[in-house]
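Engineer:
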Amino acid sequence: MSSRAIRLKTGNTGKVKTGASGKVKTGTTGKSKTVGKSSGGGGWLVRQLLMAVFLGLVVWVTYEYVRLPQAEPLLKENPKTTALMAQRAEEAREEGHKPRRAQSWVGLSGVSKYAIDAVLLSEDASFYLHEGVDTKELENALEDAVRKGKLGRGASTITQQLAKNLWLSTDRSLLRKAKELLLAHRLEESLPKNRILTIYLNVVEWGNGVYGIEAGAREHFGIPASRLTPAQGAILAAMLPAPRKRSPTSGSKALKKRAHWVIEQMEAVKRLNAEQARAAHAEVDAILAGKKVDQPEDEEEGI
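FYI, the numbering for the sequence shown is 73 to 375, going by this note's numbering.
1. Have a look at the DSSP bridge pairing and note the partners of Glu277.
2. Beta-carbon within less than 7 Å of Asn266's beta-carbon, same chain only, minus the 5 sequence neighbours each way: which residues are those?
3. Buried or exposed for Val118, going by 16 or more other Cβ atoms inside 10 Å?
4. Compare the C-alpha of Val334 against each of Asp243, Thr242 and Ala187 and name the closest.
5. Let me know if Arg173 comes out buried or exposed under the rule of 16 or more other beta-carbons within 10 Å of its beta-carbon.
6. Note down the Cα distance separating Pro171 from Glu277, rounded to an integer number of angstroms.
7. I need the straight-line Cα distance from Pro151 to Val130, nearest angstrom please.
8. Starting from Asp243, trace the alpha helix (DSSP H) both ways and give me its first and last residue.
9. Any chance the segment 300 to 315 sits against the segment 332 to 346, with 3 or more Cβ pairs inside 8 Å?
10. Taking its Cβ as the centre, do 16 or more other Cβ atoms sit within 10 Å of Leu156, making it buried, or is it exposed?
11. Quick check on the burial criterion: 16 or more other C-beta atoms within 10 angstroms. Buried or exposed for Gln233?
12. What is the rounded straight-line gap between the Cα of Arg330 and the Cα of Met123?
13. Assuming Ile335 is part of the alpha helix (DSSP H), what are its boundary residues?
14. So Ala256 and Gly204 are supposed to be a Cβ contact under 8 Å. How far apart are they, rounded?
15. Would you check if the distance between the CB atom of Leu192 and the CB atom of Leu263 is smaller than 7 Å?
16. Pull up the distance between the alpha-carbon of Asp370 and that of Ser298, whole angstroms please.
17. Which one of Trp177, Ala158 and Asp196 has the shortest CA to CA distance from Ala309?
18. If we ignore side chains and look at the alpha-carbon of each, how far apart do Asp189 and Arg343 end up?
19. Measure the alpha-carbon distance for Leu360 versus Ser184 and round it to whole angstroms.
20. Between the C-alpha atoms of Met311 and His292, what's the straight-line distance to the nearest angstrom?
21. Nearest to Arg248 by CA position, among Leu259, Ala235 and Arg258, is which residue?
22. Pull up the distance between the alpha-carbon of His332 and that of Gly115, whole angstroms please.
23. Sort Ile230, Gly128, Ala326 and Gly182 by Cα distance to His202 and report the nearest one.
24. Which of the three DSSP states, helix, strand or coil, is assigned to Ala349?
25. Thinking C-beta only, is Pro315 closer than 7 Å to Gly362?
26. With DSSP run on the structure shown, which of helix, strand or coil describes Ala174?
27. Please report the Cβ distance between Val275 and Thr134, rounded to the nearest whole angstrom; I am assuming they are in contact, meaning their Cβ atoms lie under 8 Å.
28. Let me check understanding here. Comparing Cα to Cα, which of Leu238, Asp357 and Leu327 lies closest to Gly284?
29. Could you pull out every residue in the same chain whose Cβ sits closer than 7 Å to the Cβ of Leu240, ignoring the five residues on either side in sequence?
30. So Gln159 is in the alpha helix (DSSP H); what residue range does that whole segment cover?
31. How many whole angstroms separate the CB atoms of Glu261 and Val178, which I take to be in contact at a CB cut-off of 8 Å?
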């Protein structure tokens, strides 16, 4: 055998093909060619499926967005009821109880400035700065949700909470959260900040069947919202994460801790001076211990 033939066999062992002309062919095998065709076909199918899923998602989001409630009517009209009120009423009926609804509408001028400050600092300190969604807080909450494997509450702005109370359920699904974000955007587009805050303060839950800060003030302290002290405002604000469990008479340690924290925040941003803050801390302890606290007499009811 010639040295040329030996070199060919050594360099292409198992891959030498001889054509009819006697020339040697060393191309790729038929197996690799077949794999290439199969891979290309599979990639095309995956791309088509992804495109179909994407288009389906776009259609679904558009459909859901169109079906969501409009916020414009709330510019001049107070909501007659809310999704949360309807849910609570249904829950009461299922338990064999008559639904309760205590609510009295009041404007911002009819609410103690201390109570307004307490709610804002407790629930959404950046309320007047964002456009319905606090992106930094949302990012932190999503990271926390991934770690814990469930959605929490921390990222919800006042606008988002209002959207949920007005139109959605209390479940914590991703779908509900997506709708909440869309509706919060609608609220911010349609209403000024003070109107959003006014509606929120009048529909948010403040106890079993108690809705709005006026009803909450009368229910828990026997006074109108205009006369709420810093301590009382802090307690009401501290109730909001769980208003039906954290009443002033519940003995909740979480309520007491949160109320003191709210007062600390009010002092930190100069809503209270040091003396006012000390008095407020003492009043919180007295109220939550069940002691009677004298109300200030320098304000008239309804102002």
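Virtual Cβ for every residue (Gly too), placed ideally from N, Cα, C.
Structural biologist: Per the coordinate set shown:
1. Position 205 of the sequence shown, counting from 1, holds the residue named residue 277. The partner list for Glu277 (beta bridge, DSSP) reads Tyr283.
2. Counted from its first residue, the sequence shown places residue 266 at position 194. Around Asn266: Leu180.
3. Along the sequence shown, read from residue 1 onward, the residue named residue 118 stands at position 46. Under this definition Val118 is an exposed residue.
4. Locating residue 334 in the sequence shown gives position 262, where the first residue counts as 1. Nearest C-alpha to Val334 among Asp243, Thr242 and Ala187: Ala187.
5. Position 101 of the sequence shown holds residue 173. Counting Cβ neighbours within 10 Å, Arg173 comes out exposed, since fewer than 16 surround it.
6. Indexing the sequence shown from 1 puts residue 171 at position 99. Indexing the sequence shown from 1 puts residue 277 at position 205. Those two C-alpha atoms are separated by around 14 Å.
7. Reading the sequence shown from its first residue, position 79 is the one you call residue 151. Reading the sequence shown from its first residue, position 58 is the one you call residue 130. Their backbone Cα atoms lie some 31 Å apart in a straight line.
8. Counting from one through the sequence shown, the residue named residue 243 turns up at place 171. Following the DSSP letters along the chain, one finds Asp243 in no alpha helix (DSSP H), marked with neither H nor E.
9. yes
10. Taking the first residue of the sequence shown as 1, we reach residue 156 at position 84. It is buried - the Cβ of Leu156 has at least 16 other Cβ atoms within 10 Å.
11. Locating residue 233 in the sequence shown gives position 161, counting from the first residue. Classification for Gln233: buried.
12. Looking up residue 330 in the sequence shown gives position 258. Looking up residue 123 in the sequence shown gives position 51. Their Cα atoms are separated by approximately 49 Å.
13. As a working mapping, residue 335 is identified with position 263 in the sequence shown. That run of the alpha helix (DSSP H) goes Lys325 to Ala340.
14. Mapped onto the sequence shown, residue 256 falls at position 184. Mapped onto the sequence shown, residue 204 falls at position 132. Yes, Ala256 and Gly204 are in contact; Cβ-Cβ is about 4 Å, under 8 Å.
15. Numbered from 1 along the sequence shown, position 120 holds the residue referred to as residue 192. Numbered from 1 along the sequence shown, position 191 holds the residue referred to as residue 263. Contact flag unset, no.
16. As a working mapping, residue 370 is identified with position 298 in the sequence shown. As a working mapping, residue 298 is identified with position 226 in the sequence shown. Summary for Asp370: the model assigns pLDDT 37, below 50, so the residue's position carries little reliability; its value from the coordinates is reported in the next sentence. If I take the Cα positions, the gap works out to 12 Å.
17. Position 237 of the sequence shown, counted from the first residue, corresponds to residue 309. A check of alpha carbon separations from Ala309 across Trp177, Ala158 and Asp196 identifies Asp196 as the nearest.
18. Here the question's residue 189 lines up with position 117 in the sequence shown. Here the question's residue 343 lines up with position 271 in the sequence shown. Asp189 and Arg343: Cα-Cα distance of roughly 7 Å.
19. To locate residue 360, count along the sequence shown from 1; it is residue 288. To locate residue 184, count along the sequence shown from 1; it is residue 112. Those two C-alpha atoms are separated by around 20 Å.
20. Translated into positions along the sequence shown, residue 311 becomes position 239. Translated into positions along the sequence shown, residue 292 becomes position 220. If I take the Cα positions, the gap works out to 11 Å.
21. Taking the first residue of the sequence shown as 1, we reach residue 248 at position 176. Closest by alpha carbon: Ala235.
22. The residue you call residue 332 lines up with position 260 of the sequence shown. The residue you call residue 115 lines up with position 43 of the sequence shown. Rounded to whole angstroms, His332 to Gly115 spans 60 Å at the Cα level.
23. Taking the sequence shown and counting its residues from 1, the one referred to as residue 202 is at position 130. Minimum Cα distance to His202 is reached at Ile230.
24. To locate residue 349, count along the sequence shown from 1; it is residue 277. Correct three-state label for Ala349: helix.
25. On the sequence shown, residue 362 is found 290 positions in, with the first residue counted as 1. On the sequence shown, residue 315 is found 243 positions in, with the first residue counted as 1. Contact: no.
26. Numbered from 1 along the sequence shown, position 102 holds the residue referred to as residue 174. In the structure shown, Ala174 falls within a strand segment according to DSSP collapsed to helix, strand and coil.
27. Position 203 of the sequence shown, counted from the first residue, corresponds to residue 275. Position 62 of the sequence shown, counted from the first residue, corresponds to residue 134. Contact doesn't hold; Cβ gap of about 29 Å is too wide.
28. Mapped onto the sequence shown, residue 284 falls at position 212. That would be Leu238, whose Cα lies nearest to the Cα of Gly284.
29. Residue mapping note: residue 240 aligns to position 168 of the sequence shown, counting from 1. The residues are Ala155, Arg248, Lys251 and Glu252.
30. In the sequence shown, counting from the first residue as 1, residue 159 sits at position 87. Its alpha helix (DSSP H) spans residues Ala155 to Glu166.
31. For the purposes of this step, residue 261 is taken as the residue at position 189 of the sequence shown. For the purposes of this step, residue 178 is taken as the residue at position 106 of the sequence shown. The pair is not a contact, with the Cβ atoms about 25 Å apart (cut-off 8 Å).
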